[in-house]
Each structure stands twice: as C-alpha cells, then as structure tokens.
Amino acid sequence: MSVISDIPAKDLEAIEQLRDAVREYLTPYYDTNFNLLRWLKGHNYNLDEIIPKLKNHLVFRKSHWKLDEVTLKPRNHPIHQFWMSGLTGDAVKTPNAIINVEQTGTNDYWGMLQTFPMNEIMKARVYDLEVMLKSVMEKEAKTGQQTSILYIMDLDGLTFDTKLFTLVRGALASISNFMSEHYVELIHSFVLVNAPTFISAIWKIAQPLLPERTRNKVKIFGANWKNEILDLAVPESLPAYWNQPGEPAIFHANVLRSVKLPINEYYKGGMLDERAKTLAVAASKTGFVERIGNEGQKLKWTFETDGHFAYGIYFSKDPGEFDTNKMECVYPRFNKVPGPTYVPLRDEIVLPKTGTYKFWFSNEHAYFHTLKIRHFINVE
Numbered sequence: 033m034s035v036i037s038d039i040p041a042k043d044l045e046a047i048e049q050l051r052d053a054v055r056e057y058l059t060p061y062y063d064t065n066f067n068l069l070r071w072l073k074g075h076n077y078n079l080d081e082i083i084p085k086l087k088n089h090l091v092f093r094k095s096h097w098k099l100d101e102v103t104l105k106p107r108n109h110p111i112h113q114f115w116m117s118g119l120t121g122d123a124v125k126t127p128n129a130i131i132n133v134e135q136t137g138t139n140d141y142w143g144m145l146q147t148f149p150m151n152e153i154m155k156a157r158v159y160d161l162e163v164m165l166k167s168v169m170e171k172e173a174k175t176g177q178q179t180s181i182l183y184i185m186d187l188d189g190l191t192f193d194t195k196l197f198t199l200v201r202g203a204l205a206s207i208s209n210f211m212s213e214h215y216v217e218l219i220h221s222f223v224l225v226n227a228p229t230f231i232s233a234i235w236k237i238a239q240p241l242l243p244e245r246t247r248n249k250v251k252i253f254g255a256n257w258k259n260e261i262l263d264l265a266v267p268e269s270l271p272a273y274w275n276q277p278g279e280p281a282i283f284h285a286n287v288l289r290s291v292k293l294p295i296n297e298y299y300k301g302g303m304l305d306e307r308a309k310t311l312a313v314a315a316s317k318t319g320f321v322e323r324i325g326n327e328g329q330k331l332k333w334t335f336e337t338d339g340h341f342a343y344g345i346y347f348s349k350d351p352g353e354f355d356t357n358k359m360e361c362v363y364p365r366f367n368k369v370p371g372p373t374y375v376p377l378r379d380e381i382v383l384p385k386t387g388t389y390k391f392w393f394s395n396e397h398a399y400f401h402t403l404k405i406r407h408f409i410n411v412e
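Going by the numbering used here, the first residue of the sequence shown is number 33, and it counts up by one from there.
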C-alpha cells in the first residue's frame, strides 16, 4: 500500500519540472519526489542554479564511486575503525528527524589526514552520508513526510591548538562544503553540545568558511545542554556514553567511542620524487593535464599539492576543448579540497571511451598563491 505524501501541488509541479530537466541523469534509486524537493528548497526553487549542481551530483552518483550501491556493502573502510557511526534513531520530539551523533571533539581528524589521502577520507564519509540519506528516504516512504537528519556534534575533548585551527580552516570546512553541495537539505540542524569555553573563538573562524544555509542551521547549547537536548530528542536516541557513573542512566543509544589513529602508522612516504611532473596554476586560474587512452585501459594517478585546490577528470572528443561544461565528467568533481596535502591522492578508473582525458585543477579561490601540483598520471 503506497503512502500519500503531503507535498503541496505547487511543489509537485516544480518537482516535475526539475525531473524533466535531469531525467537522463537520474537513477531509479535516487528519483523520489522528496529528494528533488530537497534541491528545490536548498536553492530557493531557482532551476537555473539547481540544474547544473544537481547534474554534477547525479554524475557523481553514477561514477565508479557508485553511490546508489554504497549502503549495500558493509561499513568496513579502514577509516571506519576510528571514525564511528553515529546514526541512532528517530528524534521523535523533533518531528520527522533522525538523530546522528558526531564525536567531533574526540574524532582524530588530524590523524586521518596524516594517514590517509583526502579522497579516501571522503569515501569513508560518503558511506555514512549515504546511510543517512537511505534512512531518510525509507522514513519518507513510510510516512509520506519530508524527513531530515538532526546532526548532534559532541565537542567534548576538543583541544585549543594550531592543529584545530588548521582543521577548521581546511579539512572540516571542506567536508562541510561537500555535504552542503551534494547532500542538499539533508540536515535539519547542527546542534553543538559539550561546547568548550573557547567555542566563540572557533566559531568566529569557522562561521565565514561555512555556506550560509549551513551557518543558519547551527545551534550552540550552553552548560545546560543535557536538559536542552531532551527537548529535541528522546533519550533512546541519545548516546549512553553521556551517562555519568553514579548518576541515573538517562541516555540509552549504543554509540561506540571514536579511536585515535596510531602515530606510528602515519604516512611516511614523503614527497613525490624528482620523476614527478609539476603543473603550476596561477592564482584565480585553472590548469589541465591531458592523457590519451583507449576504452578499457586504466588511468592511474598519484598527486600532491602545496595548497587548497579543486579537481575533476573529464573526457573530451575535442583535444582542444577547455570548457569543462562541454566535456563529459568521468570522475567526481571536488570543488574544495584542503592543502597542502599530507598524503598524496591516489586512485584509478577504467576508461569508458577512446580519446582525450583531462585532469582539471582549479586555483580559482586564490588571490596570490600559485598552486603547484606534482603528479604521476599514466594510462596503462
């Protein structure tokens, strides 16, 4: 028996317009009214703005990352043994919301960056985001009502040091930007609990780096947070590790504690050697590295950068084409990646067609810094 949704007729009309515009990119899994409605709400129903962004996301979903199939696999990325899942259950007190608890204060983000390349960190993060999306979609299918994630960020254990400032300006801002770009309106609100005394200093730095809609969803609870949080969610969906010895056990969700990465497993490979080629991209510019390959061959790469960057890989029938809007995206485009890279990024794809493949690197955010990318990019 199908559930009738509570989507207004005007929204249903806008959803159909959007669906028609991206139909060739949509997959049956992702093609729901509520998924498309999220994009409409997240971009003020501006189809001119939404369509290229949604197409980029749908290309990402169909890439070799295969987002539609991610949750069919076990949660077993090497990073997951340190970065624990925090999805617990329905908030109940906040209608149509599911709780996710992020152990922001104790998650060893610095250790992750010193051990794994950023693209692997994103793969681990994407798994959990897809689990959240799937949970939301399943609840929407049952209730007929738009659902979202109430994202609790537990700041207990946060240390005031230069590493934190580097993370806030780099990796954490990048992940936040990625979430707002690809998981539009999935998050109901970000609720910060266990906030340290220096939270105002951190927020002052983080606030301008976050997308506006993300900033507006942040709530910072004070010393009375354990009572305040119970106004938003039932104790069955809140982590049991908040209970204190000798006090009544109020919270009941089983959330495993995060684990630090061993320092002796940090990446020790050093910089790429003198055989690596270098691409220099001037401030506010983009650059390309081109390779020609045949269908079925493998395109393999390893690269590092000395600053923040964006990148993607495109197929072009015309070797002289430099407009990415006229090329076919064959690898997810990441629009904000922190640098300098501590661990070189490595990956490979099987070439879908014979022709010219272009690595696109962007330094468009920079005012003065010339971005240097040292790379090994080969077709085998």
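Ideal Cβ placement from N, Cα and C applies to all residues, glycine included.
query	result
Drop a sphere of 10 angstroms on the beta-carbon of V375, count the other beta-carbons inside from all chains shown, and report buried for 16 or more, exposed for fewer.	buried
Tell me whether the region 107-121 and the region 137-155 touch, counting them as touching only if at least three CB pairs, one residue from each stretch, are closer than 8 angstroms.	yes
When the Cα atoms are used, what is the spatial distance from T64 to K404?	42 angstroms
Who are the Cβ neighbours of W71 in its own chain at under 6 angstroms, not counting the five residues just before and after it?	I82, L86, V216
Going straight from the alpha carbon of G254 to that of L331, what length do you get?	51 angstroms
In whole angstroms, give me the CA-to-CA distance for K174 and L161.	20 angstroms
To which residues does DSSP link Y374 through a beta bridge?	Paired residues: none, contrary to the question.
Can you tell which of P384, P294, N367 has its C-alpha closest to the C-alpha of G325?	P384
Roughly how many angstroms separate the alpha carbons of E380 and V91, rounded to a whole number?	17 angstroms
Residues in the same chain with beta-carbon distance under 7 angstroms from D355, minus the five sequence neighbours each way, listed in chain order, please.	none
For F210, count neighbouring C-beta atoms within 10 Å of its own C-beta (all shown protein chains included) and say buried if the count is 16 or more, exposed if not.	buried
Beta-carbon within less than 7 angstroms of C361's beta-carbon, same chain only, minus the 5 sequence neighbours each way: which residues are those?	V91, G344, Y346
Would you mind sorting T386 into buried or exposed? The rule is 16 or more other CB atoms within 10 Å of its CB.	exposed
Going by the CB atoms, is the gap between H407 and K317 shorter than 8 angstroms?	no
Could you tell me if F400 is buried or exposed, where buried requires 16 or more neighbouring beta carbons within 10 angstroms of its beta carbon?	exposed
Grouping DSSP H, G and I as helix and E and B as strand, with all else coil, what is I82?	helix
Could you give the distance in angstroms between the alpha-carbon of W392 and the alpha-carbon of V163?	30 angstroms
What whole-angstrom Cβ distance do H220 and S167 have, given they're in contact under 8 angstroms?	Rounded, the Cβ-Cβ distance is 13 angstroms, inconsistent with contact.
Within the region 172-253, note down every full beta strand (DSSP E) run reaching 3 residues or more, in order along the chain.	180-186, 219-225, 250-252
Does the beta-carbon distance from T126 to L264 come in below 8 angstroms?	yes
Give the DSSP-derived three-state secondary structure of V411 in the structure shown.	strand
Short of 7 angstroms in beta carbon distance, which residues of its chain neighbour Y61, apart from the five on each side in sequence? Order them along the chain.	D100
Can you find a C-beta in chain B that's less than 8 angstroms from the C-beta of E327?	Checking the listed chains, one finds no chain B in this structure; it contains a single protein chain.
Could you pull the DSSP bridge partners for Y343 from this structure?	F366, F393
Can you tell me which of the three DSSP states M33 falls into?	With a pLDDT of 46 at M33, under the threshold of 50, the predicted position of this residue should be treated as unreliable, and no value is reported.
Mind checking M303: buried by the 16 CB within 10 Å criterion, or exposed?	exposed
Looking at E134: is its Cβ nearer than 8 angstroms to the Cβ of G121?	no
Are the region 46-55 and the region 185-199 touching, with three or more C-beta to C-beta distances below 8 angstroms?	no
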